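A.B. asks:
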Ligand code: SF4
């Protein structure tokens with residue numbers, strides 16, 4: 001079955017089926033949804049990323065559609081401390097709009113903020129950004145993708161002039177002679193991707209994994225480097241040091257296609273292997289073996305993921321691996337390259353179309369006058385009406401309710417009470433708000449403390465597009481309409497915009513915005529359409545000429561071509577599956593080396609907090625767990641949090657397997673059963689971040705931010721562990 005539209009009526013107990021994609025991660029596995037008399041079935045579907053495979057999360061995704069926890073009516077809280085109670089849509093929306101009006105009248109437009117998510121479709125991400133800038137007139141919008149891939153995005157832009165997770169199709173992985181994975185546990189996060197690793201090794205390839213834990217992925221590797229958390233950058237510089245010393249640098253490529261190599265060469269000179277062994281704990285012999293495999297292979301691919309990124313030096317760490325890739329002449333060479341494995345389902349598209357604080361659709365900068373003029377023209381406003389850049393996700397969340405910070409927040413597709421770093425502080429800021437509005441389909445931990453909860457549609461109930469980790473734009477298709485009482489996010493935004501007086505291009509009564517210069521580019525229809533196909537057509541115009549140019553992509557093309565890779569500026573031209581073959585989208589067409597130095601983590605171990613903590617995911621749960629914790633087979637497979645620690649460390653602490661332990665950092669604490677394993681370093685403990693309450697590890701994690709990407713340092717902080 002292709003990716004084409006497959007809605008079909010059948011006889012017997014099968015009433016309809018549709019070809020779509022998994023609602024969860026960025027692999028966006030192809031699946032068929034089939035409606036029977038009493039349930040919705042998931043069937044795996046051949047698609048280039050999953051080749052017919054699904055993980056447990058995908059298989060069980062439909063169980064949430066008719067789950068008893070499903071929200072089907074709006075909820076409102078009458079006063080602080082009162083319980084949420086059911087309300088009608090008009091009452092709930094009145095509460096939202098009157099609250100927005102009152103707060104903006106008292107405190108200004110920026111007093112209302114918006115928080116989005118990397119799982120929202122392109123149409124929703126685009127509309128959310130437009131809603132914030134046009135309907136609310138606020139600069140304060142950001143999204144949870146800031147916690148997910150912003151460091152690789154920033155590193156990619158400064159080196160290559162563009163941020164697309166993989167600049168080549170995923171299938172290239174299977175043909176690499178050497179494949180290096182840095183901080184990527186795909187065996188648990190994206191299991192169907194493992195078949196490419198198997199294919200690669202069956203062809204005689206070498207798989208190298210850099211990870212502080214001997215994860216399920218690392219255990220499949222030819223070579224596993226197990227550095228101290230926070231030292232990947234030094235390891236990358238050491239690999240470059242060895243490549244230079246051994247003459248494996250591609251001098252012709254460096255001269256012809258890059259700039260800035262000399263400074264990087266000088267920095268790498270000081271990362272001799274013995275020094276880096278001391279810094280990272282990775283033996284010299286392993287560094288040399290890894291460098292040899294990378295430097296002498298025909299086809300080499302280097303991939304980074306959250307393990308490299310979620311640090312206060314995440315941008316520099318990714319840059320160090322890009323420097324290595326450039327020195328070896330990989331980007332743009334067929335079958336080789338550097339890429340980043342995006343995490344969330346629409347982590348890629350979600351950061352291209354304007355829900356990021358500094359961004360307009362098409363990956364345009366909001367402080368670029370030409371970009372503002374273009375997008376303002378499509379939106380039917382004047383460029384000077386568009387607000388400027390806002391602040392990043394964590395800074396926004398911790399500014400909430402403070403004297404100068406936003407007093408209201410609208411949350412779509414996110415659960416920051418569980419997923420934000422230093423989550424106890426974030427939760428307290430959210431509770432301080434005058435108005436917290438959450439659109440969700442279950443009562444997430446964030447919805448549970450909201451003033452207004454708006455029940456919204458799930459993935460199988462609405463159409464739209466997603467952009468997967470390859471930069472391939474896909475079609476998500478509705479199997480059925482939302483249940484009675486439930487609305488789509490687009491319908492909610494359209495109605496809110498209407499009620500705020502900005503839903504059409506007619507001058508709102510009583511002023512508000514200034515005179516209009518057009519109407520969403522067409523002169524017809526509402527300014528905020530609820531129909532995703534209409535939104536996508538507008539997105540195409542808004543992105544035209546931008547870095548992430550979707551102008552040539554139509555839903556029909558996506559159906560016909562198994563997805564279309566951006567940039568795709570014209571309808572008659574092909575999408576761009578492989579980037580950098582002829583040059584880089586930088587002013588001089590060259591990729592840029594940037595010298596980067598190792599520096600300590602924001603918080604190093606000390607006598608009071610003597611152990612490193614690192615965090616991550618488990619196979620059967622996804623992100624904040626609001627969805628997957630409610631799915632019975634996933635709950636059975638992974639019922640709760642745990643703390644993974646080495647038997648040597650456990651013996652020193654007097655902790656036995658299964659003992660309840662208390663993990664304490666300078667910010668908070670978490671409790672969970674101990675899980676003893678020899679696969680982790682004795683100086684490091686690991687906890688998954690999918691659980692709430694006492695098991696919320698983000699009560700403990702560090703809120704140190706990368707100075708460029710503003711990504712938090714989830715992957716390393718100093719903790720104390722004791723038997724509870
Ligand atoms: Fe595929 Fe990811 Fe869904 Fe698993 S969660 S089925 S890997 S898209």
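Residue numbers (UniProt numbering): 1 to 724.
Where is the CB? At the ideal position from N, CA and C, for every residue including glycine.
All values reported here derive from a predicted model rather than from experimental measurement.
#1: At the level of alpha carbons, what is the spacing between residue 284 and residue 617?
#2: With DSSP as the reference, please indicate the residues paired to residue 141 in a beta bridge.
#3: Whose CA, out of 212, 448, 579, lies closest to the CA of residue 678?
#4: Less than 8 Å between the beta carbons of residue 20 and residue 477, yes or no?
#5: Can residue 191 be considered in contact with the ligand SF4, in the sense that its beta carbon sits closer than 7 Å to one or more heavy atoms?
#6: Give the secondary structure of residue 277 by DSSP, where H, G and I count as helix, E and B as strand, and everything else as coil.
#7: Can you give the Cα-Cα distance for residue 480 and residue 121, rounded to whole angstroms?
#8: Can you tell me whether DSSP reads residue 16 as helix, strand or coil?
#9: Looking at the structure shown, is residue 304 part of a helix, part of a strand, or coil, going by DSSP?
#10: What does DSSP give as the partner residues of residue 717 in its beta bridges?
#11: If we ignore side chains and look at the alpha-carbon of each, how far apart do residue 699 and residue 468 end up?
#12: For residue 330, which residues from the same chain have a beta carbon less than 8 Å from its beta carbon, with the 5 sequence-adjacent residues on both sides left out?
#13: How would you call residue 161, buried or exposed, if buried means at least 16 neighbouring beta carbons within 10 angstroms?
#14: Evaluate contact between the region 355 to 364 and the region 132 to 145, counting only Cβ atoms and requiring at least three cross-stretch pairs below 8 Å.
#15: Keeping to the same chain, check which residues put their C-beta closer than 7 Å to that of residue 316; ignore five residues upstream and five downstream.
#16: Along the chain, where does the beta strand (DSSP E) that runs through residue 748 open and close?
#17: Quick check: is any heavy atom of the ligand SF4 less than 7 Å from the C-beta of residue 148?
#18: Classify residue 717: buried if its beta carbon has 16 or more other beta carbons within 10 angstroms, exposed otherwise.
#19: Classify residue 414 as buried or exposed, calling it buried when 16 or more other Cβ atoms lie within 10 Å of its own Cβ.
#20: Check residue 252 in the structure and name its three-state DSSP category.
#21: Would you say the beta carbon of residue 46 comes nearer than 7 Å to a heavy atom of the ligand SF4?
#22: Alpha carbon to alpha carbon, how far is residue 714 from residue 217?
#23: Around the Cβ of residue 88, are there at least 16 other Cβ atoms within 10 angstroms (buried) or fewer (exposed)?
#24: Taking 8 Å as the cut-off, does the region 42 to 49 touch the region 67 to 83 (at least 3 CB pairs, one atom from each stretch)?
#25: Report all residues from its chain with a CB closer than 7 Å to the CB of residue 573; omit the five preceding and five following residues, and keep chain order.
#26: Between 79, 109, 73, which lies nearest to residue 93 when the distance is taken from Cα to Cα?
#27: Tell me where the beta strand (DSSP E) around residue 578 begins and ends.
#28: I need the boundaries of the beta strand (DSSP E) containing residue 440, first residue and last residue.
#29: Among the candidates 293, 672, 286, 319, whose CA atom is the shortest distance from the CA of residue 268?
#30: Since residue 297 contacts residue 177 with CB under 8 Å, what's their CB separation in whole angstroms?
#31: With a threshold of 7 Å, establish whether the CB of residue 50 neighbours any heavy atom of the ligand SF4.
#32: Tell me whether residue 338 sits in a helix, a strand or coil according to DSSP, three-state version.
#33: In terms of residues, what are the limits of the beta strand (DSSP E) holding residue 688?
#34: Fully enclosed by the region 466 to 502, which beta strand (DSSP E) runs are 3 residues long or longer?
#35: What residue range is occupied by the uninterrupted beta strand (DSSP E) comprising residue 669?
#36: Distance, Cα to Cα, residue 35 vs residue 689?
C.D. replies: Let me spell this out:
#1: 30 Å
#2: 114
#3: 212
#4: yes
#5: yes
#6: helix
#7: 17 Å
#8: strand
#9: strand
#10: According to the DSSP secondary-structure assignment, residue 717 is paired through a beta bridge with 613.
#11: Cα to Cα, residue 699 sits roughly 30 Å from residue 468.
#12: 300, 301, 302, 336, 337, 338
#13: buried
#14: Enough Cβ pairs lie closer than 8 Å, so yes.
#15: 233, 596
#16: There is simply no residue 748 to check, as the chain begins at 1 and stops at 724 in what is shown.
#17: It does not: the Cβ of residue 148 is nowhere closer than 7 Å to a heavy atom of the ligand SF4.
#18: Here residue 717 is buried. Its C-beta has 16 or more other C-beta atoms within 10 Å.
#19: Answer is buried; the Cβ neighbour count reaches 16.
#20: helix
#21: Using a cutoff of 7 Å, the CB of residue 46 does not count as near the ligand SF4, since none of the ligand's heavy atoms is closer than that.
#22: 20 Å
#23: exposed
#24: no
#25: 552
#26: 73
#27: No beta strand (DSSP E) contains residue 578, which DSSP labels as neither H nor E.
#28: Residue 440 -> beta strand (DSSP E) spans 435 to 440.
#29: Answer by Cα proximity: 319.
#30: 4 Å
#31: yes
#32: strand
#33: 684 to 688
#34: 472 to 476
#35: 669 to 676
#36: 33 Å
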